[in-house]
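Student: Have a look at this one.
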Amino acid sequence: RFKDKVALVTGSSQGIGAACALRMASEGADIILNGRTLDERGEKLINQINEMGRKATFLVADISLTQNVINLVNDAVKVYGKLDILVNNAGVEKNHNFWEVTEEEYDLVMDTNLKGLFFGIQAFAKYCMDHKTPGTVVNMSSVHEEIIFPHFAAYCASKGGLKMLTRNLATELAPFNIRINNVAPGAIATPINKSLMDNKEQLNNVLKNIPMKKLGAPEDVAAVVAFLASDDARYVTGSTYFVDGGLTYHYEEQ
Ligand code: NAD
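With UniProt numbering applied, the sequence shown closes on residue 256, and no number is skipped along the way.
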């Protein structure tokens, strides 16, 4: 589905971002990987993508810094001469009581999960408009754009903001042939959930709320991202697709 397409995936050294990069490469895309540093995970990913016969380049950038994310998008365009797909995956979460959250933690979460995306999408939209070329944006949101998560107030605020950002931009960018959608993972087995996966009791409590009674895999999320990024979703914009084993709207037996 991605022959002759170039996709940029932010925060793609591990977890869901890495799975998205591999999935789109397996369907023909050349990939721009991103992270704050290039380490052996990034190197391995480049090799895996090359082995699929696709090109991969890693661009180092901290997407929480506005000028960095703008430069990242502009540099990504230069690497293979075009950019068709932007997957805004990089994200962070902080677990704290609301009354203990510091301004520094709040800024880190909001700047990474919302502000960085905002200006990354703006740079991508300007590129698409200037070059009269269509574009597709997929944002990694969370079930917490919809449902509460006590002790993760800043995270919920960032993903809730992302819900409305996507709804808003779908209308503003549709005349320019730019589609934008969110994917909302539930509990996915990635490094972000390491402490959860290491604590059996806590994990069982989470699984109680998931009708499918298991964590999702990064590849489960990547499959939906690939659908939304592809022409199969050509009439889909301004939506959120939940990948959560039924978590968001589950019914609890009383
Ligand atoms: P992860 O921590 O395994 O991966 C996130 C990646 O983003 C890491 O490689 C990290 O280094 C990178 N990153 C963080 N801040 C960055 C920055 N400022 N600039 C560049 N890269 C940065 O997490 P994951 O589970 O793969 O999560 C990916 C996305 O999915 C996040 O947006 C997260 O909120 C969302 N999500 C995850 C889950 C889950 O259960 N794993 C659930 C809902 C939503």
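Ideal Cβ positions, reconstructed from N, Cα and C, are used throughout, including at glycine.
Just so it is clear, the structure is predicted and the values come from calculations on it, not from any experiment.
Please find out if some non-hydrogen atom of ligand 1 comes closer than 6 Å to the beta-carbon of Pro187.
Tutor: Stepping through the sequence shown from its first residue, residue 187 is reached at position 185. Checking every heavy atom of ligand 1 against the Cβ of Pro187, one is found closer than 6 Å.
Student: Of all the options Leu61, Ser15 and Asn52, which has the alpha carbon lying nearest to the alpha carbon of Glu42?
Tutor: Here residue 42 refers to the residue found at position 40 of the sequence shown. The shortest Cα separation from Glu42 among Leu61, Ser15 and Asn52 belongs to Ser15.
Student: Out of Pro193, Thr138, Pro177 and His146, which one is the CA nearest neighbour of Val8?
Tutor: In the sequence shown, counting from the first residue as 1, residue 8 sits at position 6. Proximity to Val8 across Pro193, Thr138, Pro177 and His146 peaks at Thr138, based on C-alpha coordinates.
Student: Classify Ile150: buried if its beta carbon has 16 or more other beta carbons within 10 angstroms, exposed otherwise.
Tutor: Position 148 of the sequence shown holds residue 150. Exposed, since its Cβ has fewer than 16 Cβ neighbours within 10 Å.
Student: Taking Cβ positions, are residue 2 and Thr250 nearer each other than 7 Å?
Tutor: Given that the chain is displayed from residue 3 to residue 256, the structure contains no residue 2 and the question cannot be resolved.
Student: What are the start and end residues of each continuous beta strand (DSSP E) run of 3 or more residues lying completely inside the segment 42 to 90, in chain order?
Tutor: 58 to 62 and 87 to 90
Student: Can you check which of these residues, Met131, Val89 and Leu167, is closest to Lys117 by C-alpha distance?
Tutor: As a working note, residue 117 is residue 115 in the sequence shown. Of Met131, Val89 and Leu167, the residue nearest in Cα terms is Leu167.
Student: Determine contact between the segment 119 to 129 and the segment 165 to 179, defined as no fewer than three beta-carbon pairs at a distance below 8 Å.
Tutor: yes
Student: How far does the alpha helix (DSSP H) with Asp200 in it extend, from its first residue to its last?
Tutor: In the sequence shown, residue 200 corresponds to position 198, counting from 1. First-last of the alpha helix (DSSP H) with Asp200: Lys196 to Asp200.
Student: Does Asp132 pass the burial test, meaning 16 or more other C-beta atoms within 10 Å, or should it be called exposed?
Tutor: Sequence index remark: in the sequence shown, residue 132 carries index 130 (1-based). Label assigned to Asp132: exposed.
Student: Taking Pro220 as the reference, which of Pro187, Pro213 and Asn36 has the closest Cα?
Tutor: In the sequence shown, counting from the first residue as 1, residue 220 sits at position 218. Nearest in C-alpha terms to Pro220, of all of Pro187, Pro213 and Asn36, is Pro187.
Student: Which whole runs of the alpha helix (DSSP H) in the segment 150 to 179 are 4 residues long or more, in chain order?
Tutor: 155 to 175
Student: Tell me the DSSP secondary structure of Ile190 in three-state form.
Tutor: The residue you call residue 190 lines up with position 188 of the sequence shown. Correct three-state label for Ile190: strand.
Student: By the DSSP assignment, the beta strand (DSSP E) with Ala9 in it spans what residues?
Tutor: Working through the sequence shown from its first residue, we reach residue 9 at position 7. For Ala9, the enclosing beta strand (DSSP E) has its first and last residue at Val8 to Val11.
Student: Any idea which residues DSSP pairs Ile33 with across the strands?
Tutor: Indexing the sequence shown from 1 puts residue 33 at position 31. According to DSSP, which records beta bridges pairwise, Ile33 is partnered with Ala9 and Ala58.
Student: Under the assumption that Val94 contacts Leu110 (Cβ atoms under 8 Å), give the Cβ distance between them as a whole number of angstroms.
Tutor: For the purposes of this step, residue 94 is taken as the residue at position 92 of the sequence shown. For the purposes of this step, residue 110 is taken as the residue at position 108 of the sequence shown. Correct: roughly 6 Å between the Cβ atoms.
Student: Using the rule of at least 16 other Cβ atoms within 10 Å of the residue's Cβ for burial, across every protein chain shown, is Met214 buried or exposed?
Tutor: On the sequence shown, position 212 is the one that residue 214 refers to. Label assigned to Met214: exposed.
Student: With which residues is residue 2 paired in a DSSP beta bridge?
Tutor: Because the chain in this structure spans residues 3 to 256, residue 2 falls outside the shown range and cannot be described.
Student: Checking 7 Å against the spacing of the C-beta atoms, do Ile51 and Val81 come in under that value?
Tutor: As a first step, residue 51 must be located in the sequence shown, where it is residue number 49. As a first step, residue 81 must be located in the sequence shown, where it is residue number 79. Taking 7 Å as the Cβ cut-off, Ile51 and Val81 do not qualify as a contacting pair.
Student: Buried or exposed: which applies to Asn90, given that a residue is buried once 16 or more other Cβ atoms fall within 10 Å of its Cβ?
Tutor: For the purposes of this step, residue 90 is taken as residue 88 along the sequence shown, with counting starting at 1. Label assigned to Asn90: buried.
Student: Pop quiz: Gln235 and Cys22 are said to be a contact at Cβ under 8 Å. What is the actual Cβ separation, rounded to whole angstroms?
Tutor: As a position in the sequence shown, residue 235 is number 233, starting the count at 1. As a position in the sequence shown, residue 22 is number 20, starting the count at 1. Rather than Gln, the amino acid found at residue 235 in this sequence is Ala. Between Ala235 and Cys22 a beta carbon distance of about 15 Å is seen, past the 8 Å cut, so the two are scored as non-contacting.
Student: Measuring alpha carbon to alpha carbon, tell me which residue in Pro136, Asp86 and Pro152 is nearest Trp101.
Tutor: Indexing the sequence shown from 1 puts residue 101 at position 99. Nearest C-alpha to Trp101 among Pro136, Asp86 and Pro152: Pro152.
Student: Give the DSSP bridge partners of Val140, in chain order.
Tutor: Working through the sequence shown from its first residue, we reach residue 140 at position 138. According to DSSP, which records beta bridges pairwise, Val140 is partnered with Val89 and Asn183.
Student: May I ask you to check if the CB of Met142 is nearer than 6 Å to at least one heavy atom of ligand 1?
Tutor: Taking the first residue of the sequence shown as position 1, residue 142 is located at position 140. Yes, since a heavy atom of ligand 1 falls inside the 6 Å radius drawn around the Cβ of Met142.
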